[in-house]
Amino acid sequence: MDLPTAFAAAVPLIGWTTHGAWLSKRLATARRDPLTGLHTRDGFTARAHRLTQRRPGRTSVLLIDLDDFKATNDTYGHAAGDAVITATADRLSAWCGRTGIAARLGGDEFAAIVLDAPARLPGLRATLNQPVPYAGSMLPASASVGICPIAELPVVSLTDALRSADRDMYAHKRDGRTTRRR
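For the sequence shown, counting from 1, position 70 maps to 70 in UniProt numbering; every step adds exactly one.
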C-alpha cells in the first residue's frame with residue numbers, strides 16, 4: 001500500500017475513533033448526577049444488576065429519602081437544599097466505600113447497593129441524621145432509610161429489592177423512627 005492510500009484509509013479511522021471516544025464520554029457523563037456526581041438511575045441499575053448476581057447472599061439494596069426536604073428548601077432556599085443533597089450524597093458515598101454503589105435517583109431520593117449492610121446500617125442512619133454546615137450555620141438534616149437484603153427475596157430481582165426497600169423506608173417514615181421531630 002502506498003503512502004497516499006494508507007493516509008486516506010487512516011483519516012476515517014481516526015475520525016471514528018475520536019467520535020467513539022466522545023460518545024463514550026458523553027454516555028458516562030449522562031450516567032452521573034451533575035449536582036452530586038453520584039450515579040443516576042441508569043448508571044446505578046447497570047452496576048447493581050452485576051453486584052446482585054455476583055454476591056446475592058451478602059448484598060442489600062437501600063432506598064434513602066430526605067425527611068422534610070421541602071421545608072428545608074422553603075425555609076433556607078434552594079442553595080441550602082443543594083447543600084443538604086450534596087452532603088447526603090457525600091455521606092452515602094463514603095458509607096458505601098468500595099463495597100457498594102451509591103446513586104441519586106432524583107430530587108431528594110437516593111439508593112445504594114452494598115455488601116454486608118445490615119450490620120452497618122445504624123452507622124448510616126446516624127451519619128445521615130447529622131446537621132449540614134451551610135453559610136456559617138447548621139441546617140437540620142435527617143433521612144429515612146429502607147433496606148432489602150437480596151437473600152430474603154424468593155428470586156434475585158433488583159426491581160423487587162427496590163420495591164421492598166421502598167416499603168421498608170416508608171414504614172420507618174410512618175412510625176417516626178428516623179424522621180425529625182419539630
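C-beta: ideal position from N, C-alpha, C; glycine also.
Next on the checklist: Looking only at its chain, what residues have a beta carbon closer than 7 Å to the beta carbon of residue 56, apart from the 5 residues adjacent to it on each side?
Outcome noted: 150, 151, 156
Checklist entry - Which value, in whole angstroms, describes the spacing of the CA atoms of residue 146 and residue 108? => result 14 Å
Item to check | Endpoints, beta strand (DSSP E) assigned at residue 187 | outcome: Outside the displayed range of the chain (1 to 182) lies residue 187, so it cannot be described from this structure.
Item to check | Cβ neighbour criterion (16 or more within 10 Å) applied to residue 50 | outcome: exposed
Next on the checklist: From the DSSP secondary-structure annotation, give me the bridge partner or partners of residue 137.
Outcome noted: 134
Checklist entry - Which word fits residue 137, buried or exposed, when buried means at least 16 other C-beta atoms lie within 10 angstroms of its C-beta? => result exposed
Checklist entry - Who are the Cβ neighbours of residue 168 in its own chain at under 7 Å, not counting the five residues just before and after it? => result 146, 147, 148
Item to check | Distance, residue 141 Cα to residue 79 Cα | outcome: 14 Å
Checklist entry - Near residue 87, what residues of its chain come up, given a Cβ to Cβ distance below 6 Å and the 5 sequence neighbours on each side ignored? => result 132
Next on the checklist: Excluding the 5 residues flanking residue 39 on each side, which residues of the same chain have their C-beta closer than 8 Å to its C-beta?
Outcome noted: 31, 32, 33, 47, 101, 102, 103, 104
Checklist entry - Going along the chain, which residues of its own chain have a beta-carbon closer than 7 Å to the beta-carbon of residue 36, five neighbours each way excluded? => result 85, 86, 89, 104
Next on the checklist: Give me, in chain order, the residues of the same chain whose beta-carbon lies closer than 7 Å to that of residue 93; leave out the 5 immediate sequence neighbours on both sides.
Outcome noted: 38, 102
Item to check | Cβ pair residue 66, residue 165 closer than 8 Å | outcome: no
Next on the checklist: In the DSSP output, which residue or residues are listed as bridge partners for residue 65?
Outcome noted: 109, 144
Checklist entry - For residue 125, which three-state DSSP category applies? => result helix
Next on the checklist: I'd like to confirm something about residue 77: is its beta-carbon nearer than 7 Å to some heavy atom of the ligand COA, or not?
Outcome noted: Judged by which ligands are present, the structure shown has none, so any question about the ligand COA falls away.
Item to check | Best match in 127, 139, 172, 91 for proximity to residue 72 [C-alpha to C-alpha] | outcome: 139
Item to check | For residue 55, three-class secondary structure by DSSP | outcome: coil
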